[in-house]
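Reviewing the structure listed below.
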Amino acid sequence: MSTSPAFAKPPLLFVRTVAPYVATDNPRPELAPDGRRKAEQAHSIGRVWPHGQFWQSAHIAVMKNTSDILIVGGGLNGPALALALAQTGHSVTLVDAQPLASFEDADFDGRGYALALASQRLLAQIGIWDQVAEHAQPMLEIKASDGTAGEGPSPFFLHFDHREIEEGPMGYMAEDRYLRRALLQAVVAEPKITMINERRVIDQEIDQTGASITLDDGSELRGKLLVGSDGRQSGTAKRAGIARSGWDYGQTALVCAIDHEKPHHGIAHQFFMAPGPLAILPLPGNHSSIVWSEKTETAQAIHALEDADYMAVLRPRFGDFLGEISLVGKRFTYPLNLTIANSFVADRLALVGDAAHGMHPIAGQGLNAGLRDVGALAEVITEATRRGEDIGSLLVLERYQQWRRFDTAALAATTDMVNRLFSNNNPLLRLGRDLGMGLVSSLPGLRRGFMREAAGLTGDLPRLLQGKSI
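When we follow numbering that gives the first Met the number 0, the leftmost residue of the sequence shown carries the number 0, and every step to the right adds one.
In structure tokens form, the structure reads like this:
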């Protein structure tokens with residue numbers, strides 16, 4: 000695997016918190032060159048340096064650090080939001096419980112994301128797409144069909160071809176490791192972002208002028224606004240008293256990657272089966288990512304199988320249109336549910352991504368919905384700053400909620416309806432959905448509308464998702 004220049008010879012870097020610090024060769028930044036402890040600097044330094052071929056970080060307790068925005072959660076949405084805000088002049092502190100790990104030597108494991116075209120435009124605007132693009136696979140066509148394990152697909156199917164919308168590919172498949180690496184590089188290089196890793200938030204407080212969080216080492220951080228990007232079990236939302244609504248589907252997704260004999264030609268496939276959908280998503284080369292939903296009890300039994308037996312179960316569901324297939328990398332599972340925060344905002348607090356909403360992956364819109372949150376919140380905050388408004392006030396944050404909550408609820412309802420409609424063997428329902436897919440395929444205008452929706456090009460798009468700066 001080629002090594003990107005930024006990781007080939009990592010420079011000596013510092014992550015600035017309160018005050019700038021001059022880099023030296025002293026391996027103990029908390030000590031002066033003569034060995035005396037520099038307590039007056041201990042609160043303001045977080046050092047990051049190369050160790051072997053990967054990044055490690057040193058943690059030095061901070062007494063208090065003040066930024067414009069505090070973001071809790073360092074998955075994909077949190078760093079993306081930090082970069083978008085830093086570009087418009089805001090100082091950001093990003094806190095994550097995970098180690099600041101490098102993905103330079105990460106093995107292929109098949110975990111990937113279906114990025115809509117609009118999401119790709121946002122990643123380009125925040126400056127990371129060039130690093131991701133060389134490892135991404137354009138999705139040129141999407142084929143969706145009703146089917147049953149062991150049978151051929153229904154003769155009625157949806158076929159979307161990117162050439163009909165004339166804006167480029169409908170999206171891209173990008174591996175998790177490359178997205179995270181690109182975000183990490185950009186975050187570490189951005190002087191307006193302070194990243195604190197391997198630290199958990201144990202408390203948060205809101206007052207009239209700002210938000211404060213306390214970390215598990217006793218550090219206190221303060222900002223005008225606190226953003227929770229910490230997943231479906233968001234501690235930020237719980238500490239703010241924000242409840243959630245939703246339900247479990249009784250399904251579990253089995254995720255893996257395969258190598259196949261024949262090329263995929265950039266075509267994504269979705270087979271709707273009674274236990275749950277099977278998605279075959281193209282990765283670079285003769286690889287594809289598989290997201291395969293089954294009833295939870297069945298999925299757990301399949302996941303417990305040895306690789307050879309696992310593939311024996313997958314092959315009849317997969318078919319032979321890609322020739323011989325074999326397992327590549329690790330296998331994963333995750334439970335499927337619908338969960339939406341009852342509010343996306345509170346005084347001096349906003350939620351993005353899975354902290355705000357989690358839905359069924361049947362439409363592949365999880366990360367795309369999160370990046371819409373990122374674009375909308377960054378735009379609302381930036382415009383408020385330019386008008387001299389308080390970015391943490393409910394008056395400002397309600398604009399974000401009004402922008403995103405209805406759109407998210409509509410998307411969640413659609414994915415829920417599609418999953419319920421297709422995850423059964425009722426003959427009448429199957430006939431109805433087959434005829435519906437055939438109708439959509441036969442009407443060019445309707446088909447193009449569905450394609451633009453799949454590409455993320457419909458609705459009230461934030462500027463970053465239009466490929467424009469804020």
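Think of the CB as a built atom: it goes at the ideal place given N, C-alpha and C, for glycine as much as any other residue.
Here the structure is a predicted model, which is why all the values come from computation and not from measurement.
Taking Ala-173 as the reference, give the member of Thr-65, Ile-195, Ala-132 with the closest Cα. For the residues Thr-65, Ile-195, Ala-132, the minimum Cα distance to Ala-173 belongs to Ala-132.
Take Arg-404 as the anchor and find which of Gly-458, Thr-384, Ser-392, Met-416 has the nearest alpha-carbon. Sorting Gly-458, Thr-384, Ser-392, Met-416 by C-alpha distance to the C-alpha of Arg-404 places Gly-458 at the top.
Under 8 Å Cβ to Cβ from Val-254, same chain only, skipping five residues before and after it: list those, please. For Val-254, where only same-chain residues beyond five positions count, the Cβ hits under 8 Å are Gly-109, Arg-110, Ser-288, Ile-289, Val-290, Trp-291, Arg-330, Phe-331, Thr-332, Tyr-333.
Continuous alpha helix (DSSP H) stretch holding Val-312: start and end: If you look at Val-312, you'll find it in the alpha helix (DSSP H) that goes 306-317.
Check this for me: beta carbons of Val-91 and Ala-81, under 8 Å apart or not? Judged by their CB atoms, Val-91 and Ala-81 are nearer to each other than the 8 Å cut-off.
From which residue to which residue does the beta strand (DSSP E) around Ser-218 run? Under the DSSP assignment, Ser-218 falls outside any beta strand (DSSP E); it carries neither an H nor an E label.
Compare the Cα-Cα distances from Ala-349 to each of Leu-224, Gly-230, Gly-318, Gly-240 and report the closest residue. Taking only the C-alpha atoms, the option nearest Ala-349 is Leu-224.
Which term fits Arg-162, buried or exposed, when burial requires 16 or more other beta carbons within 10 angstroms of its beta carbon? Per the 10 Å Cβ criterion, exposed.
Can you tell me whether Ser-233 is helix, strand or coil according to DSSP? Per DSSP, reduced to three states, the secondary structure at Ser-233 is coil, with no helix or strand assignment.
From Ile-205, Val-186, Asp-202, pick the residue whose C-alpha is nearest to that of Asn-196; which is it? Nearest option by C-alpha distance: Val-186.
Closest residue to Val-226 among Ser-144, Val-351, Ala-412 (Cα-Cα distance): The candidate whose alpha carbon is nearest that of Val-226 is Val-351.
Through-space distance from Gly-88 to Leu-114, alpha-carbon basis: When rounded, the separation of the alpha-carbon atoms in Leu-114 and Gly-88 is 27 Å.
Mapping DSSP to helix, strand and coil, what is Arg-243? Collapsing the DSSP output to three states places Arg-243 in a strand.
Does the separation of the CB atoms of Pro-274 and Thr-297 fall below 8 Å? In this structure, Thr-297 lies closer than 8 Å to Pro-274 by Cβ.
Specify whether the region 259-278 and the region 408-424 touch according to this definition: at least 3 beta carbon pairs, one from each stretch, less than 8 Å apart. Yes, the region 259-278 touches the region 408-424.
Straight-line Cα distance separating Leu-122 from Leu-460: When only Cα atoms are considered, Leu-460 and Leu-122 end up about 14 Å apart.
With DSSP run on the structure shown, which of helix, strand or coil describes Asp-95? Note: Asp-95 maps to strand in three-state DSSP.
Along the chain, where does the alpha helix (DSSP H) that runs through Thr-381 open and close? Note, Thr-381: alpha helix (DSSP H), 365-385.
Pairwise C-alpha distance: Asp-389 and Gln-207: So the alpha carbons of these two residues sit roughly 11 Å apart.
Alpha carbon to alpha carbon, what distance is there between Ala-236 and Asp-202? Whole-angstrom Cα-Cα distance: 12 Å.
Proximity below 8 Å, CB of Ala-377 to CB of Val-395: Contact flag unset, no.
From Phe-126 to His-134, what distance separates their C-alpha atoms? The question names Phe, but residue 126 in the sequence shown is Gly. Annotation: Gly-126 to His-134 spans about 16 Å, alpha carbon to alpha carbon.
Going by other Cβ atoms of all chains shown within 10 Å of its Cβ, with 16 needed for buried, is Gly-363 buried or exposed? With 16 or more other Cβ atoms within 10 Å, it is buried.
Does the beta-carbon distance from Val-379 to Tyr-399 come in below 8 Å? For Val-379 and Tyr-399, yes; Cβs fall inside 8 Å.
Strand pairing of Asn-418, partner residues [DSSP]: Paired residues: none, contrary to the question.
Can you tell me whether Pro-281 is buried or exposed? The criterion is at least 16 other CB atoms within 10 Å of its CB, across all chains shown. So Pro-281 ends up on the buried side.
How would you label Leu-366, buried or exposed, when you count the other beta carbons within 10 angstroms and need 16 or more for buried? So Leu-366 ends up on the buried side.
Here's the rule I'm using: 16 or more other beta-carbon atoms within 10 Å means buried, otherwise exposed. How should Trp-128 be labelled? Buried: at least 16 other Cβ atoms inside 10 Å.
Residue range of the alpha helix (DSSP H) that includes Met-450: Met-450: member of the alpha helix (DSSP H) spanning 443-453, first to last residue.
I need the boundaries of the alpha helix (DSSP H) containing Thr-295, first residue and last residue. Looking at the DSSP string, the run of the alpha helix (DSSP H) that includes Thr-295 is 295-302.
With DSSP run on the structure shown, which of helix, strand or coil describes Pro-461? Pro-461: coil per DSSP, three-state reduction.
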